[in-house]
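Have a look at the structure below before the remarks.
There are 2 protein chains.
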Amino acid sequence: MRYELYYWPDIQGRGEFVRLALEQAGADYVDVARRSGRGMGVPALMRLLEGEAAHAPFAPPFLKAGDLVIAQTANILLFLGPRLHLVPEDEASRLWAHQLQLTIADLVAEVHDTHHPVSGSLYYREQKPEALRRATAFTGERLPKFLGYFEAVLARNPAGATHAVGDALSYVDLSLFQVVAGLRYAFPNAMHQIEPACPRLVALHAHVERLPRIAVYLASERRLPFNQNGIFRHYAELDAESP
Amino acid sequence: MRYELYYWPDIQGRGEFVRLALEQAGADYVDVARRSGRGMGVPALMRLLEGEAAHAPFAPPFLKAGDLVIAQTANILLFLGPRLHLVPEDEASRLWAHQLQLTIADLVAEVHDTHHPVSGSLYYREQKPEALRRATAFTGERLPKFLGYFEAVLARNPAGATHAVGDALSYVDLSLFQVVAGLRYAFPNAMHQIEPACPRLVALHAHVERLPRIAVYLASERRLPFNQNGIFRHYAELDAESP
Chain C
1 MRYELYYWPD IQGRGEFVRL ALEQAGADYV DVARRSGRGM GVPALMRLLE GEAAHAPFAP
61 PFLKAGDLVI AQTANILLFL GPRLHLVPED EASRLWAHQL QLTIADLVAE VHDTHHPVSG
121 SLYYREQKPE ALRRATAFTG ERLPKFLGYF EAVLARNPAG ATHAVGDALS YVDLSLFQVV
181 AGLRYAFPNA MHQIEPACPR LVALHAHVER LPRIAVYLAS ERRLPFNQNG IFRHYAELDA
241 ESP
Chain G
1001 MRYELYYWPD IQGRGEFVRL ALEQAGADYV DVARRSGRGM GVPALMRLLE GEAAHAPFAP
1061 PFLKAGDLVI AQTANILLFL GPRLHLVPED EASRLWAHQL QLTIADLVAE VHDTHHPVSG
1121 SLYYREQKPE ALRRATAFTG ERLPKFLGYF EAVLARNPAG ATHAVGDALS YVDLSLFQVV
1181 AGLRYAFPNA MHQIEPACPR LVALHAHVER LPRIAVYLAS ERRLPFNQNG IFRHYAELDA
1241 ESP
């Protein structure tokens, strides 16, 4: 099965959670909007997004797998998890993995809203006072709460704190890696303060970063750098104060 | 199977999407935090939320089904859908239903942030200027986009526009009913403007409202009224201007 991933070509964004799973599994996939040529590029993405298909998605990312078009990041991973052997087989574990992924999605949405608290249609510079208030609440309250939760999830895993779900790598581990990486880019001071309380999460990030296929991917041109157009953005004034 | 639903006792909130599915299916369930007595009430909810269980959730609502504790509204409906016969049997339809439910969840989060654009820890009165800007962007852009999308989903359903997924009632229909009901409470002027462009969605709301079990539920004390503590709140200044 050759998977087709559709996502904006210039940012990691939500597409990155899917890319990491495809890369770790060594899956055959095409990152459609980043390719040029017939049936490729952003026009191919827009055709599916704005088309009249019964199951047209609301927003990228979406995945084409044969006749299926699947949107919503966590839903794509729900679909891919078993096929890429990135989630345990029993229903309880799959629901748990998906629940964690949805909690990650909530965190990612809150990260986005630190720089766009009013509207995604306006530039950051048009909503800076609102962003400052929201980001202060985020780094002061929400971020420690989310990361503290994921740290507790690792600490309580009956199979050990190496993984979030069971005793093997899952797409949740890959997504938690991405969250830590993105937060370090966006909020280095806040993370400097919070990370000492989250040693298992920090260790999980380091573990995933060193997985052979992930290491190759991260060093490749397929891995876009973080930038000021993505979800994780660094605006110094939105970060916690330096220690 | 007796299900235990855990959600804040004084608001419809996200728990309502689960309640509607349980009610329509005639399921045996206990709304734990709304009951009193041994093992009931908010303390029972807090025990699970703040406990040390391996799968403790991040936030309500959550559902206890035997040994399983499942959180995240859309994940609960993913689990309940097949068991309550509120989703088709094939994988493609289930992924599609879940995808729509996750898009509904995104809309609900944006509704919440119209009155809490800075922080859920602050009162509305402490973030009124930010709320006004966010709500204006919401009613002017995001709400028409979301409702236009769901209208298109109904219009494009190969089985007809009566239902969102396939040719029978699903939990997605119940959730779309709740979205329309909540939006009418919160943003009557905006809905007055938008509804003429969404006749299928309006008809779906009316269809669900008249389902015998839903009608009984809505008339019962189990259905909490909308209020100013829930997700859908009516602040006249956040609504579109009256026509």
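Heads up: the sequence lines are chains C and G, in that order.
Numbering of the first sequence is given in the working numbering, commencing with residue 1 and proceeding in unit increments.
Numbering of the second sequence is given in the working numbering, commencing with residue 1001 and proceeding in unit increments.
Even glycine gets a Cβ: it sits at the ideal position worked out from N, Cα and C.
- Closest in C-alpha terms to Leu102/C, from the list Ile76/C, Leu63/C, Ser119/C and Pro117/C, comes Ile76/C.
- When only Cα atoms are considered, Arg1094/G and Val1069/G end up about 21 angstroms apart.
- Listed by position along chain C, the residues whose Cβ is nearer than 8 angstroms to that of Ala1109/G are Asp106 and Ala109.
- Any Cβ of chain C closer than 9 angstroms to the Cβ of His1192/G would place that residue at the interface, and such an atom is absent.
- In this model, Asp1113/G and Pro1158/G are separated by some 34 angstroms (Cα to Cα).
- Between Leu100/C and Leu80/C, the C-beta gap is not smaller than 9 angstroms, which leaves the two residues out of contact.
- The beta carbon of Ala1044/G lies closer than 6 angstroms to those of Val1032 in the same chain, with the five residues before and after it left out.
- For Phe1062/G, the enclosing beta strand (DSSP E) begins and ends at Phe1062 to Ala1065.
- Against chain G, the CB of Pro117/C has a partner CB under 9 angstroms away; the residue lies at that interface.
- Taking one beta carbon from each stretch, the region 1214-1226 of chain G and the region 1104-1120 of chain G have fewer than 3 pairs nearer than 8 angstroms; the two do not touch.
- The C-beta of Arg233/C has 16 or more other C-beta atoms within 10 Å across all chains shown, which makes the residue buried.
- In this chain, the alpha helix (DSSP H) harbouring Ile194/C covers Pro188 to Ile194.
- Contacts between Trp1096/G and chain C, judged by CB atoms closer than 7 angstroms, involve His55 in chain order.
- Within a 10 Å sphere around the beta-carbon of Arg133/C sit 16 or more other beta-carbons, which makes this residue buried.
- Put simply, of Arg1222/G, Pro1243/G, Arg1213/G and Val1179/G the residue whose alpha carbon is nearest the alpha carbon of Ile1231/G is Val1179/G.
- Judged by DSSP in its simplified three-state form, Ile1076/G adopts helix.
- Around the beta carbon of Ser1036/G, a 10 Å sphere encloses fewer than 16 other beta carbons of the protein chains shown; the residue is thus reported as exposed.
- Judged by DSSP in its simplified three-state form, Tyr1007/G adopts coil rather than helix or strand.
- Close to chain G, meaning a Cβ-Cβ distance shorter than 7 angstroms, are the following residues of the region 139-168 of chain C: Glu141, Tyr149, Arg156, Asn157 and Pro158.
- If you ignore the 5 residues before and after Val1118/G, its C-beta comes within less than 7 angstroms of the C-beta of Gln1127 and Glu1130, all in its own chain and listed in chain order.
- Under the three-state reduction of DSSP output, Ala168/C falls in the coil class, being neither helix nor strand.
- Cβ neighbours of Phe1226/G within its own chain (closer than 6 angstroms, five residues either side excluded): Tyr1185 and Phe1232.
- Between the region 1198-1211 of chain G and the region 1164-1178 of chain G there are three or more C-beta pairs closer than 8 angstroms, enough to call the two in contact.
- In this structure Asn1189/G is not in contact with Ile1011/G, their Cβ atoms being roughly 23 angstroms apart against a cut-off of 8 angstroms.
- When secondary structure is reduced to three states using DSSP, Ile1231/G falls in the coil class, being assigned neither helix nor strand.
- With its beta carbon at least 9 angstroms from every one in chain C, Ser1170/G lies outside the interface.
- As a beta-bridge residue in DSSP terms, Ala1071/G pairs with Phe1062/G.
- Within the region 1030-1053 of chain G, the residues whose Cβ lies closer than 7 angstroms to some Cβ of chain C are Glu1052, listed in chain order.
- Rounded to the nearest angstrom, the Cβ distance from Ala74/C to Ala54/C is 22 angstroms, too far for a contact under 8 angstroms.
- Between Glu91/C and Pro1061/G, the alpha-carbon positions lie close to 20 angstroms from each other.
- Leu174/C and Pro1212/G have their C-alpha atoms roughly 46 angstroms apart.
- The secondary-structure analysis by DSSP pairs Tyr29/C across a beta bridge with Tyr3/C.
- Straight-line spacing of the CA atoms in Ser242/C and Asp1028/G works out to 54 angstroms.
- The beta carbon of Phe1058/G sits closer than 9 angstroms to some beta carbon of chain C.
- No Cβ-Cβ contact shorter than 9 angstroms links Leu1084/G with Ala1168/G.
- When the beta-carbon positions are compared, Gln1193/G and Ala1240/G come within less than 9 angstroms of each other.
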